[in-house]
Amino acid sequence: MSTSIRRRQVLAGLAAGSSSVLLGSHTSVAQTAAVAALPTDPLRITRVRAIATAPDGIRLVVVKVETSQPGLYGLGCATFNQRPLAVIEAVNSYLDPFARGRSADNIEDLWQTAYTSSYWRNGPVLNNALSGLDMALWDIKGKRAGMPVYQLLGGRCRFAVDLYAHAGGRDAKETEDSVRSFVEQGFRHVRIQLGGYGSAHLSQNPAFRDAGFGLPEDEHMDAGPYLRMMPRVFEHVRATLGDEVELLHDVHERVEPIEAIRLVKELEQYRPFFVEDPFAPEQNGYFKILRQQTSCPIAMGELFNNPHEWTDLITGRYIDFIRVHLSQIGGLTPARKLAALAEHFGVRSAWHGPGDVSPVGHACNAHLDLAIHNFGIQEGPRFSERLREVFPGCPEIRDGFLHINELPGFGIDLDETQAARYPLPEDPGFWKPVRRRDGTAVRP
Ligand code: MG
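Residue numbers (the working numbering): -1 to 442.
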């Protein structure tokens, strides 16, 4: 009798509960145990494809993984708003042929083999494509188990996901009013920005435009006005709204490292919940220097793609919140490991969650947020009516918390007919240049 026939008989016997097959005269108990440990015929991946849609003008890419079980599929977020076409190509031309025919059950194995299938790895385009596949496999796993994904991760640590809102204004009073409106909606945590990133409206007379350097629409920012005004805005908001509201701020890496250190030290007295991205990832070495000078909580990581970028910051205890964008690091599989690493070093999560994460990605954030002990805070999304039509089952925001439904998997679907109504904009997408007065490019 061939091994494969014998294996099928054993498995058929297992399915039927037949002890005569399990303990047949030609099979030892040990052999039977070894054979029975093999999985049943695995669920196969039959197709992996990228679906693009832009209901709110933001270029969303979602990956749909179809399986050998009719009607069973999963969805994952592969949204990279600045390079969506490259991600779509990576999914359709590379991941699809790589994954077809492979088991949909072995998520870790598929992640590892797909990760190294390009040999060169850890870049944002391929990580996003990989994330689409990875999250979709978790979605499928949850559907197979009849459970929400957070249950597969160990169950709930909290009843809902606490969010922070984005407030801001052109001056301190407008910012105060904006914060107040979010507090009235139930938010406890509010990020404050003065006129957006870098307070560009405070800058005047960009000489580079008169000189014809760059393009006229390139943005201008002077670090000085921003650095002087931000502490005054914090002072005003604390004075008018008191201590209950938690205030956050994003430096967005736009100033020199020593300027950021001075700013964070000035802001410390207003007890920020965290100050985010004081340095660009290329200046990671400054976090140790910053830590020696202030106890202001620091968040970092939305631009990270590579484990080498976050490992030392976490194990050195130089940051308080890890803020990666889940699809940028390759999906839920690496993110749950990152969360576990951070927990051991007292670092909490604050996953990146702006509009350029698809609702599928927001749902994935929320499932992980619910399941990990070291959850810190979640950047609050906004879901328009159009987004909710395209993504049935979209999470909901109530009283400053994000709530998911209890459907199996991520509990969210994609209506492809609705999605097709919102094609990507003609503009393929890029981060607009920001320049100093003399035209020097500023890193975002
Ligand atoms: Mg940021």
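Cβ coordinates follow ideal geometry from the N, Cα and C atoms, glycine included.
Nearest candidate by alpha-carbon position, reference residue i, set the options
i	options	result
residue 287	263, 269, 226, 66	263
residue 419	231, 214, 55, 435	55
residue 155	368, 409, 85	368
residue 359	201, 252, 392, 346	392
residue 342	318, 352, 361	318
residue 200	188, 218, 187	218
residue 276	299, 344, 163	299
residue 79	255, 138, 285, 323	323
residue 121	401, 88, 377, 389	88
residue 410	57, 46, 61	61
residue 39	102, 58, 404	102
residue 427	46, 58, 166, 49	58
residue 53	68, 198, 422, 76	422
residue 292	312, 280, 164, 265	265
residue 297	347, 290, 339	347
residue 272	254, 294, 252, 290	294
residue 83	412, 123, 320, 141	123
residue 167	150, 189, 182	189
residue 149	157, 365, 159, 142	365
Exposed unless 16 or more other CB atoms sit within 10 angstroms - verdict on residue i
i	result
residue 371	exposed
residue 438	exposed
residue 191	buried
residue 176	buried
residue 430	exposed
residue 335	exposed
residue 306	exposed
residue 433	buried
residue 45	exposed
residue 230	exposed
residue 356	buried
residue 377	buried
residue 382	exposed
residue 274	buried
Identity of the residues DSSP links to residue i by a beta bridge
i	result
residue 75	60
residue 175	Residue 175 is not bridged to any residue.
residue 101	42
residue 244	187
residue 376	161
residue 319	297, 346
residue 146	407
residue 167	192
residue 331	Per DSSP, none; premise fails for residue 331.
residue 273	247, 296
residue 218	433
residue 285	Looking at the DSSP assignment, residue 285 forms no beta bridge with any residue, so it has no partner.
residue 394	401
residue 111	DSSP output for residue 111 lists no bridge partner at all.
residue 50	59
Between the CA atoms of residue j and residue i - distance to the nearest angstrom
i	j	result
residue 161	residue 350	11 Å
residue 210	residue 325	38 Å
residue 74	residue 309	25 Å
residue 195	residue 249	7 Å
residue 205	residue 214	11 Å
residue 223	residue 244	24 Å
residue 153	residue 397	23 Å
residue 207	residue 374	42 Å
residue 259	residue 42	52 Å
residue 66	residue 268	57 Å
residue 179	residue 270	19 Å
residue 314	residue 304	17 Å
residue 127	residue 285	30 Å
residue 20	residue 105	Because residue 20 carries a pLDDT of 35, less than 50, the predicted location of this residue cannot be relied on, and the following value inherits that uncertainty. C-alpha separation (whole angstroms): 29 Å.
residue 137	residue 146	8 Å
residue 406	residue 71	12 Å
residue 23	residue 51	At residue 23 the pLDDT is 41, less than 50, meaning the model places this residue with poor confidence and gives no usable figure here.
residue 362	residue 436	43 Å
residue 239	residue 246	14 Å
residue 25	residue 100	Unreliable placement is indicated for residue 25, whose pLDDT of 45 sits below 50; the coordinate value is still reported in the next sentence. About 30 Å.
residue 441	residue 424	25 Å
residue 63	residue 187	36 Å
residue 311	residue 320	9 Å
residue 185	residue 279	30 Å
residue 85	residue 242	42 Å
residue 402	residue 212	45 Å
residue 68	residue 380	33 Å
residue 97	residue 109	10 Å
residue 202	residue 225	15 Å
Cβ-heavy atom distance, residue i to the ligand SAH, below 7 Å
i	result
residue 414	With respect to the ligand SAH, the structure offers nothing, as its ligand set consists of the ligand MG.
Interface flag, residue i vs chain B, CB-CB below 8 Å
i	result
residue 282	Protein chains in the displayed structure number just one, and chain B is not present.
>> Does the segment 325 to 341 come into contact with the segment 120 to 139, if we say contact requires no fewer than three beta-carbon pairs (one atom in each stretch) closer than 8 Å?
In response: Three or more Cβ pairs drawn from the segment 325 to 341 and the segment 120 to 139 lie within less than 8 Å of each other, which places the two stretches in contact.
> Does the segment 113 to 132 come close enough to the segment 75 to 95 to have 3 or more Cβ pairs within less than 8 Å?
Replying inline: Yes: the two stretches touch, three or more of their Cβ pairs being nearer than 8 Å.
>> I'd like to know if the segment 170 to 189 and the segment 226 to 234 are in contact, where contact means that at least 3 CB-CB pairs between them fall below 8 Å.
In response: With a cut-off of 8 Å, the segment 226 to 234 and the segment 170 to 189 count as touching, because enough Cβ pairs lie within range.
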